[in-house]
Amino acid sequence: MPQTRRQEQILELIQQQGFATTEQLVDHFQVTPQTIRRDLNELANQNRVRRHHGGAGIDSSTVNTAYQARKIMELEAKERIAAALVEMIPDNASLFINIGTTTETIARALLVRNNLRVVTNNLHVASILSAREDFTIIIAGGEVRNRDGGIVGEATRDFINQFRMDFGIIGISGIHSDGSLLDFDYREVRVAQAIISNSSQVLLAADHTKFGRNAMVRLGNIIQANHVFTDQAPPEEIRQLLTEHQVSLHVV
């Protein structure tokens, strides 16, 4: 198949699914991984796809990438971020954990801690942490989103506002160059705002692909975090913002 035709078909597949892995594309087109990586890099250079470790996706400001695709996107980076963040969490701590595949990765890393008390609006996080008998897991009430196990709505926000926790662990869909934290669901954003307001320390976890990624709902600003964990140095304007507002940056 001619290269240009293959790249158009790759683009069509990614548009249909929101994300495609290199392995999936190799199997589909019966070419080498090197060929697919070259195609994806060329499409990324043309700003037609967004390159991720292990594949590529399409960005939308109104619709998030499918949950199953997000689970495997930048997984190695998420695991490094999780390991570093968990170093800050002592035994016997209380914490909020919000919705997202990054926070689910952090939940798995938290299993090394003891006697944690966790309030979450993420069914997957609750399931992961319930493996520990000495953890107290409290699930926020509200509407369950079928696509990702997130719990959202006014009841969820009101429930969060009943607590004051040591740490709020936040994942995010996108970060604008001015530091704005962006997401896709205004109901999810209102819950995350409540988590930030009721946490003594806010720990933001975001891999490098979140910087510059667009989403239509503004949650707040990165300067509301006390610590930011990521896998690559953020853009210069973000680093300056963090320095000016004394937000600790952890690049792992």
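Everything in the sequence shown is counted per this note's numbering, starting at 189 for the first residue and increasing by one.
C-beta: ideal position from N, C-alpha, C; glycine also.
No experiment lies behind these values; they were computed from the predicted model shown.
For residue i, three-class secondary structure by DSSP
i    : result
R335 : coil
A328 : coil
R238 : strand
D346 : helix
I384 : helix
A297 : helix
L369 : strand
N402 : coil
A421 : coil
A281 : coil
H364 : coil
H379 : Looking at the sequence shown, residue 379 is not His but Val. Three-state result, V379: helix.
Beta-carbon spacing of residue i, residue j below 9 Å
i    : j    : result
D419 : A265 : yes
T308 : I327 : yes
I384 : Q350 : no
F417 : I269 : yes
L304 : N280 : yes
L429 : L392 : no
T290 : G359 : yes
V219 : R236 : no
Bounding residues of the beta strand (DSSP E) (the contiguous stretch that carries residue i)
i    : result
S387 : S387 to A393
I357 : M353 to G359
I411 : Neither: I411 is in no beta strand (DSSP E) and is coded neither H nor E.
Residue i burial status per 10 Å Cβ neighbour count (16 or more: buried)
i    : result
G329 : exposed
S365 : exposed
N286 : buried
S318 : exposed
T192 : exposed
N310 : buried
E450 : The shown model of the chain, from 189 to 440, leaves out residue 450, and the question about it has no answer.
A421 : exposed
Segment limits, alpha helix (DSSP H) that includes residue i
i    : result
T431 : E424 to E432
V214 : T210 to F217
A270 : L263 to V274
S318 : Per DSSP, S318 belongs to no alpha helix (DSSP H) and is neither H nor E.
L304 : Unbroken run through L304: none, as it is neither H nor E.
P221 : P221 to N233
Contact belief for residue i with residue j at Cβ below 8 Å, rounded distance in angstroms
i    : j    : result
N409 : G367 : 5 Å
V306 : I325 : 5 Å
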